[in-house]
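Q: Pasting a structure here, questions to come.
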Amino acid sequence: PNALLEALALKVPIVSTDCVTGPREILREGKDGILVPVRDPVALANSMELQIRSPKEIQDWDLSVKRFELKSVTRQYLRAMIPRST
Numbered sequence: 349p350n351a352l353l354e355a356l357a358l359k360v361p362i363v364s365t366d367c368v369t370g371p372r373e374i375l376r377e378g379k380d381g382i383l384v385p386v387r388d389p390v391a392l393a394n395s396m397e398l399q400i401r402s403p404k405e406i407q408d409w410d411l412s413v414k415r416f417e418l419k420s421v422t423r424q425y426l427r428a429m430i431p432r433s434t
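So the sequence shown is numbered by the working numbering: it starts at 349 and just counts up by one.
Laid out in structure tokens, this is it:
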């Protein structure tokens, strides 16, 4: 997962397998990366080719790591852990 966060910080488009180690929790499909099925080399190759052949489309993605900054993560954590009074 660190490599994914580093790529997001550098605004580098990402192709990742949808493995159990968490890429789905970091990447928003079609917004800052492409998730392909595990053990599907054709899907992996096609996704990599898409990024090479369609750089403008990829540049339009919201390649943002802001949602993982400390302030954002803290806010999300507090919202989840502290019930709002009604």
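For glycine and all other residues, C-beta sits at the position ideal for the given N, C-alpha and C. Since the structure is predicted, the reported quantities are computational estimates derived from the model, not experimental observations.
Could you give the residue range of the alpha helix (DSSP H) that holds Leu418?
A: First-last of the alpha helix (DSSP H) with Leu418: 418 to 429.
Q: Cutting at 6 Å between CB atoms, please list the residues of its own chain near Met396, excluding the five before and the five after it.
A: Val363
Q: Under a three-way DSSP split, which group does Ser395 fall into?
A: helix
Q: For Leu392, which residues from the same chain have a beta carbon less than 8 Å from its beta carbon, with the 5 sequence-adjacent residues on both sides left out?
A: Excluding positions up to five away in sequence, the list reads Val363, Thr365, Val384.
Q: How is the alpha helix (DSSP H) around Leu352 delimited, first residue to last?
A: 350 to 357
Q: Where Cys367 and Asp388 are concerned, what is the direct C-alpha to C-alpha distance, given to the nearest angstrom?
A: Those two C-alpha atoms are separated by around 11 Å.
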